[in-house]
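Enquirer:
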Amino acid sequence: MMIGEVSAKSGLPIHTLRYYEKIGLVPKPSRDAGGRRYYDPEILDWLTFISRLKDLGMPIRDRVRFARLRSEGEQTVVERRELLEIYRTGLAQKIAELTETLEVLDYKIANYDEIGRKKTA
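So the sequence shown is residues 375 to 495, counted in my numbering.
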């Protein structure tokens, strides 16, 4: 896939893809005779994954570290798992906090519904 197609399918701007390549977040693609980047289709799964890491708040330095470890192969599986576990723990805590907030909002909304019913009765 050419860079424009990867951009369209991933939703990432072309300049972001070039930046990710420059900092080592995505592997350097092969080039055609004209020097244009050519990406394997599997890059889309990787881009989705690193976008999710970004969404959960993983800083770019840790995403680059993870990408470097991934490129080093299976001998880094333990280190990659440990890195993901750190962010998983943080995400689980955030979900718990949001669930608690949702419960408070649901309680308030139900309370206001009850007040509204009493006024119309």
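In this text, a Cβ means the ideal position worked out from N, Cα and C, and glycines have one as well.
#1: With a threshold of 16 other CB atoms inside 10 Å of the CB of Ile-388, please say whether the residue is buried or exposed.
#2: Does DSSP put Arg-411 in a helix, in a strand, or in coil?
#3: Quick one: is Arg-437 buried, meaning 16 or more other Cβ sit within 10 Å of its Cβ, or exposed?
#4: Rounding to the nearest angstrom, what Cα-Cα distance links Leu-391 and Leu-399 in this structure?
#5: Compare the C-alpha of Tyr-412 against each of Glu-395, Lys-428, Val-452, Phe-423 and name the closest.
#6: For Arg-462 and Glu-446, what's the separation of their Cα atoms in angstroms?
#7: Would you mind reading off the limits of the alpha helix (DSSP H) that contains Leu-476?
#8: Assess, as a yes-or-no matter, whether the region 455 to 470 is touched by the region 414 to 432 under the definition of 3 or more beta carbon pairs within less than 8 angstroms.
#9: Do you know how far the Cα of Leu-479 is from the Cα of Leu-472?
#10: Let me make sure I understand the geometry here. Which of Lys-492, Trp-420, Ala-470 has the alpha-carbon closest to that of Ala-441?
#11: Terminal residues of the continuous alpha helix (DSSP H) containing Leu-391?
Expert: According to the structure shown:
#1: exposed
#2: strand
#3: buried
#4: 9 angstroms
#5: Glu-395
#6: 22 angstroms
#7: 451 to 494
#8: yes
#9: 10 angstroms
#10: Trp-420
#11: 388 to 397
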